[in-house]
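Participant: From first to last, the protein sequence lines stand for chains L and A.
Counting with UniProt numbering, you get residues 1 to 196 for the letters of the first sequence.
Counting with UniProt numbering, you get residues 1 to 196 for the letters of the second sequence.
All residues carry an ideal CB built from backbone N, CA and C; glycine is no exception.
Note that the structure is a prediction, hence the values are computed from the model and not measured.
Number of protein chains: 2
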Amino acid sequence: MPRVSEAHLAARRQQILEAAWRCFSRQGFHATSMQDVFAESGLSAGAVYRYFPSKADLVRTTAEGIAGTAEDAFQELLGEDPVPRPDEALRRALVHITEHVTAGEVDRTKMALHVWSEAVRDMEIRGIVTTIADRIIGLWAELADRWREAGYLAADADSQQVARTMYGVMIGFVAQRHLLGIDTDDYLDGFSAISR
Amino acid sequence: MPRVSEAHLAARRQQILEAAWRCFSRQGFHATSMQDVFAESGLSAGAVYRYFPSKADLVRTTAEGIAGTAEDAFQELLGEDPVPRPDEALRRALVHITEHVTAGEVDRTKMALHVWSEAVRDMEIRGIVTTIADRIIGLWAELADRWREAGYLAADADSQQVARTMYGVMIGFVAQRHLLGIDTDDYLDGFSAISR
């Protein structure tokens with residue numbers, strides 16, 4: 001067997017992921033089989049399974065990629081002094097995520113809707129969803145600590161509760177983006193109007 | 001054929017809906033066939049089709065029921081003077097909806113996750129989702145008008161934008177309720193802390 005470079009492995013991995021995203025986007029998660037992914041990627045079963053043994057692995061890698069993108073945005077916000085206000089932080093997080101996650105031919109945020117549906121019944125997928133959600137909620141909670149210190153929240157505001165609500169505002173945006181075709185600025189301006 | 005009463009027709013209709021909700025809750029929307037609904041309800045194909053010609057009709061009736069419940073809550077809020085503040089209005093709307101929609105053996109809010117997923121690709125389901133969303137967003141916009149008049153929002157706040165955000169906060173709650181097991185009071189307290 002020829003030696004394969006790291007770059008080759010990464011490219012092959014990305015090729016499979018993109019094929020899976022096209023399948024999920026077209027057919028939904030539940031109706032997509034690994035056979036569909038083999039056909040779409042133009043690779044053999046063995047080649048695909050080497051990287052992704054199951055649909056859940058495809059979801060895990062995709063979800064971790066989205067969470068990593070979100071973390072980049074949050075780390076930048078957390079590194080600033082003074083910390084950006086809640087509405088400004090939401091604006092920058094959503095703009096960063098939509099710019100990075102929707103780059104390329106498939107908007108990966110659309111997968112969230114299929115994955116949430118699957119997570120209601122499939123406990124492996126549920127575990128992936130809750131792990132990623134906990135990471136993002138934890139980052140919102142760090143921001144909420146800073147908002148309280150900066151006086152943007154009341155002294156007795158609970159960071160975990162605020163983080164849950166901010167995560168809700170975020171996923172309410174993702175859902176409306178795909179179901180209603182919402183304008184990002186409209187949504188963010190609405191949040192600015194209602195938030196402290 | 002014997003004459004059947006209105007009450008009998010309504011009971012039969014409800015029997016089919018509840019069977020469908022059990023199927024959707026167990027298998028998801030996409031994987032549920034009309035044959036599953038016949039089996040679960042214990043009725044013949046002809047009996048079920050008489051009330052619901054397709055899965056989309058089952059979704060439409062269920063979604064309209066949920067929207068009707070939401071409208072009851074909003075009409076009560078809109079009838080009050082002074083109008084309840086944004087966080088109090090959200091609290092009462094979510095408590096009213098969860099109490100009414102989760103009554104009985106199946107929590108119908110769970111269906112929302114399956115229906116959103118389906119709506120990404122199925123244009124008939126998408127039409128049902130957007131019709132119901134527009135009704136609820138319209139009710140939030142009426143409340144936002146009142147909030148602006150009461151001085152709870154800035155004079156230049158846009159009611160439609162605020163309504164989109166409040167709808168996002170609402171559906172962010174529904175998603176987290178089923179995926180993360182969120183506590184209603186935590187979520188509402190978080191919104192109180194972040195809102196004006």
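(1) From the DSSP output, in three-state form, read off L:S41 for me.
(2) By the 8 Å beta-carbon criterion, what residues does the stretch 54 to 78 of chain L contribute toward chain A?
(3) Specify, as a first and last residue, the run of the alpha helix (DSSP H) that A:F138 falls within.
(4) Does the distance from the CB of A:Y51 to the CB of A:R13 come in under 7 Å?
(5) Give the interface partners of A:H178 over in chain L, defined as CB-CB distance under 9 Å, in chain order.
(6) Within 10 angstroms of its Cβ, does A:T62 collect 16 or more other Cβ (buried), or is it exposed?
(7) Just the C-alpha distance for L:I171 and A:L17, rounded to the nearest angstrom, thanks.
(8) Using a beta-carbon distance cut-off of less than 9 Å, what residues from the stretch 1 to 27 of chain A approach chain L?
(9) Could you check whether the stretch 183 to 191 of chain A touches the stretch 175 to 190 of chain L, counting it as contact only if at least three pairs of C-beta atoms, one from each stretch, sit closer than 8 Å?
(10) Using only the alpha-carbon positions, how far apart do L:M166 and A:T32 sit?
(11) Would you mind sorting L:E40 into buried or exposed? The rule is 16 or more other CB atoms within 10 Å of its CB.
(12) Which chain A residues sit within Cβ distance under 9 Å of L:L153?
(13) With a 10 Å radius around its C-beta and 16 neighbouring C-beta atoms as the bar for buried, classify A:E149 as buried or exposed.
(14) Report yes if the C-beta distance between residue 198 of chain L and L:S25 is below 7 Å; otherwise report no.
(15) Mind checking A:D87: buried by the 16 CB within 10 Å criterion, or exposed?
(16) If the cut-off is 8 Å on Cβ atoms, which residues from the stretch 157 to 185 of chain L count as contacting chain A, listed in chain order?
(17) Using the Cα positions of A:D164 and A:I137, report the straight-line distance between them to the nearest angstrom.
(18) Less than 6 Å between C-beta atoms, sequence neighbours within five positions excluded: which residues of the same chain meet that for L:Q161?
(19) Following the continuous alpha helix (DSSP H) through A:F191, name the residue where it begins and the one where it ends.
(20) Does the beta-carbon of A:A7 have 16 or more other beta-carbons within 10 angstroms, so that it is buried, or is it exposed?
(21) Tell whether a beta-carbon distance below 7 Å holds between L:Y152 and L:R60.
(22) Residues of the stretch 126 to 144 of chain L in Cβ contact with chain A at a cutoff of 9 Å, in chain order, please.
(23) Could you tell me which chain A residues have their CB closer than 8 Å to the CB of L:D189, listed as they occur along the chain?
(24) If we count the other Cβ atoms within 10 Å of its Cβ and call it buried at 16 or more, is A:D156 buried or exposed?
(25) Using a Cβ-Cβ distance cut-off of 7 Å, determine whether L:L113 contacts chain A.
(26) Put A:S159 into one of helix, strand or coil per three-state DSSP.
(27) Pick helix, strand or coil for A:L94, following the three-state DSSP scheme.
(28) According to a CB-to-CB cut-off of less than 7 Å, which residues of the stretch 80 to 100 of chain L neighbour chain A?
(29) Out of curiosity, what's the CA-to-CA distance linking L:E71 and L:A112?
(30) Taking the beta carbon of A:G28 as the centre, do at least 16 other beta carbons fall within 10 Å, making it buried, or is it exposed?
(31) What number of angstroms, rounded off, separates the C-alpha of A:T131 from the C-alpha of A:G42?
(32) Could you tell me the distance, in whole angstroms, from the CA atom of L:L143 to the CA atom of A:S54?
(33) Would you identify the three-state DSSP class for L:A119, choosing helix, strand or coil?
(34) Confirm, please, whether the CB-CB distance from L:W116 to A:A175 is below 7 Å.
(35) Measure the alpha-carbon distance for residue 220 of chain A versus L:D189 and round it to whole angstroms.
Facilitator: The structure says:
(1) helix
(2) none
(3) Checking the displayed sequence, the identity of residue 138 of chain A turns out to be Gly instead of Phe. Note, A:G138: alpha helix (DSSP H), M123 to E149.
(4) yes
(5) W116, A119 and V120
(6) buried
(7) 29 Å
(8) S25, R26 and Q27
(9) no
(10) 34 Å
(11) buried
(12) A193 and I194
(13) exposed
(14) No answer is possible for residue 198 of chain L: it lies beyond the span of chain L, which begins at 1 and ends at 196.
(15) buried
(16) A157, D158, Q160, Q161, V162, A163, R164, T165, M166, Y167, G168, V169, M170, I171, G172, F173, A175, Q176, H178, L179, L180 and I182
(17) Note that residue 164 of chain A is Arg in the sequence shown, not Asp. Each residue's Cα considered, the two are about 6 Å apart.
(18) none
(19) T184 to I194
(20) exposed
(21) no
(22) R126, V129, T130, A133, D134, I137 and A144
(23) D158 and Q161
(24) exposed
(25) yes
(26) helix
(27) helix
(28) P86
(29) 17 Å
(30) buried
(31) 32 Å
(32) 47 Å
(33) helix
(34) yes
(35) Lying outside 1 to 196, the shown extent of chain A, residue 220 of chain A is not represented and no answer is given.
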